[in-house]
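**Q** As you go down the protein sequences, you meet chains E and C in turn. Residue numbering for the first sequence follows our numbering, beginning at 1 and increasing consecutively. Residue numbering for the second sequence follows our numbering, beginning at 1001 and increasing consecutively. Next up is a structure, given as structure tokens.
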Amino acid sequence: KAGVTQTPRYLIKTRGQQVTLSCSPISGHRSVSWYQQTPGQGLQFLFEYFSETQRNKGNFPGRFSGRQFSNSRSEMNVSTLELGDSALYLCASSFSGNDGYTFGSGTRLTVV
Amino acid sequence: SQQGEEDPQALSIQEGENATMNCSYKTSINNLQWYRQNSGRGLVHLILIRSNEREKHSGRLRVTLDTSKKSSSLLITASRAADTASYFCATATGTASKLTFGTGTRLQVTL
């Protein structure tokens, strides 16, 4: 079966711009989570969606937002980009959210 | 914030040897999971152990969980060069479906 697909793979943006990242989960998985990975802070939880509802949220500013569509596909948006937002953004899907997650290959965002 | 601390931070062994990584966490958990990451790519789920389990096996992997000490260990037996990667523990607490990751162990397996 197809894995978790994240697009785009790489992205370069300028400070102040906004960006939208996309994630297609494994078919049948209803839980989609997003994580930010940086060398300094490691893997940090952003938010989790289940059946189009945000179920959990991490400690990130309101510039980070997300949504989930009826087909479970998810997007995350970062507005007013800062240099510190440069990171690998990982999406993960799970059937229920209480079992193991399947991760995508990530989107590497560079803010210049 | 990170729930888990892993040690060692880095581990270098030869092919055929066993590798043991440890994870400590701070709060009560629902389950603990181990993941592998190759060169900054996506994470691969290795094994999940629930709070009422003490040991679990999957192929060459053996995971133990000691909830009284809030610690877990991952043992990889008969390591191969292909096992070279970073390994992370992640905890899920209560009914929350978010994972809190540890700092990771970088494993290098040489021929």
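Beta carbons are placed, not taken as given, at the ideal position from N, Cα and C, and that holds for glycine.
What does the Cβ neighbour count give for Ser70 (chain E), buried or exposed, with the cut at 16 atoms within 10 Å?
**A** Here the question's residue 70 (chain E) lines up with position 70 in the first sequence. Ser70 (chain E) comes out exposed.
**Q** Helix, strand or coil: which one does DSSP assign to Asp85 (chain E)?
**A** As a first step, residue 85 (chain E) must be located in the first sequence, where it is residue number 85. Correct three-state label for Asp85 (chain E): helix.
**Q** Where does Pro25 (chain E) land, buried or exposed, given buried means 16+ other C-beta within 10 angstroms?
**A** Position 25 of the first sequence holds residue 25 (chain E). Per the 10 Å Cβ criterion, buried.
**Q** By DSSP, does Ser1001 (chain C) sit in helix, in strand, or in coil?
**A** As a first step, residue 1001 (chain C) must be located in the second sequence, where it is residue number 1. Its pLDDT being 48, under 50, Ser1001 (chain C) is placed unreliably in this model, and the value from its coordinates should be taken loosely. Reduced to three states, the DSSP call for Ser1001 (chain C) is coil.
**Q** The beta strand (DSSP E) that contains Val32 (chain E), what's its start and end?
**A** For this step, residue 32 (chain E) is matched to residue 32 along the first sequence. Per DSSP, Val32 (chain E) belongs to the beta strand (DSSP E) from 31–38.
**Q** Counting only Cβ pairs nearer than 8 Å, list the residues of chain C close to Ser33 (chain E).
**A** Your numbering for residue 33 (chain E) matches position 33 in the first sequence. Residues of chain C passing the Cβ test: Ser1097, Lys1098, Leu1099.
**Q** Of all Cβ atoms in chain C, is any one closer than 8 Å to the Cβ of Thr102 (chain E)?
**A** Within the first sequence, residue 102 (chain E) is the residue found at index 102, counting from 1. Yes, contact with chain C.
**Q** Would you mind stating whether Gln44 (chain E) and Gly58 (chain E) have Cβ atoms separated by less than 8 Å?
**A** Mapped onto the first sequence, residue 44 (chain E) falls at position 44. Mapped onto the first sequence, residue 58 (chain E) falls at position 58. Yes; because the gap between Cβ atoms is below 8 Å, this pair is in contact.
**Q** So, is the C-beta of Arg55 (chain E) closer than 8 Å to a C-beta in chain C?
**A** For the purposes of this step, residue 55 (chain E) is identified with residue 55 of the first sequence, where counting begins at 1. Closer than 8 Å: yes.
**Q** Curious, which full-length beta strand (DSSP E) runs of at least 3 residues does the stretch 1011–1070 of chain C contain?
**A** If we require 3 residues or more, the beta strand (DSSP E) runs fully inside the stretch 1011–1070 of chain C come out as 1019–1024, 1031–1037, 1043–1050, 1055–1058, 1061–1066.
**Q** Determine the chain A residues that contact Gly66 (chain E) at a beta-carbon separation under 8 Å, and present them in chain order.
**A** The structure shown has no chain A; the protein chains it does contain are E and C.
**Q** Residues of chain E with a CB under 9 Å from the CB of Thr1105 (chain C): which are they?
**A** To locate residue 1105 (chain C), count along the second sequence from 1; it is residue 105. In chain order: nothing, as chain E lies at least about 12 Å away.
**Q** How long is the line joining the alpha carbons of Leu90 (chain E) and Arg108 (chain E), rounded to whole angstroms?
**A** As a working mapping, residue 90 (chain E) is identified with position 90 in the first sequence. As a working mapping, residue 108 (chain E) is identified with position 108 in the first sequence. Those two C-alpha atoms are separated by around 9 Å.
**Q** So what does Asn77 (chain E) bridge to, in DSSP terms?
**A** As a working mapping, residue 77 (chain E) is identified with position 77 in the first sequence. Per DSSP, E:Thr20, E:Ser65.
**Q** Once DSSP output is grouped into helix, strand and coil, what is the label at Asp1083 (chain C)?
**A** In the second sequence, residue 1083 (chain C) corresponds to position 83, counting from 1. Helix at Asp1083 (chain C).
**Q** Which residues bound the beta strand (DSSP E) around Thr1093 (chain C)?
**A** Within the second sequence, the letter at position 93 stands for residue 1093 (chain C). Looking at the DSSP string, Thr1093 (chain C) is not in any beta strand (DSSP E), and its letter there is neither H nor E.
**Q** Using a threshold of 8 Å, state whether the C-beta atoms of Thr1100 (chain C) and Met1021 (chain C) are closer than that.
**A** Here residue 1100 (chain C) corresponds to residue number 100 of the second sequence, with the count starting at 1. Here residue 1021 (chain C) corresponds to residue number 21 of the second sequence, with the count starting at 1. Cβ atoms of Thr1100 (chain C) and Met1021 (chain C): not closer than 8 Å.
**Q** Can you tell which of C:Phe1088, C:Thr1103, C:Gln1108, C:Val1109 has its C-alpha closest to the C-alpha of Gln1033 (chain C)?
**A** Numbered from 1 along the second sequence, position 33 holds the residue referred to as residue 1033 (chain C). With distances taken between Cα atoms, Gln1033 (chain C) lies closest to C:Phe1088.
**Q** Can you grab the Cα-Cα spacing for the pair Ile1130 (chain C) / Leu1074 (chain C), in whole Å?
**A** Not covered by the structure: residue 1130 (chain C). The range shown for chain C is 1001 to 1111.
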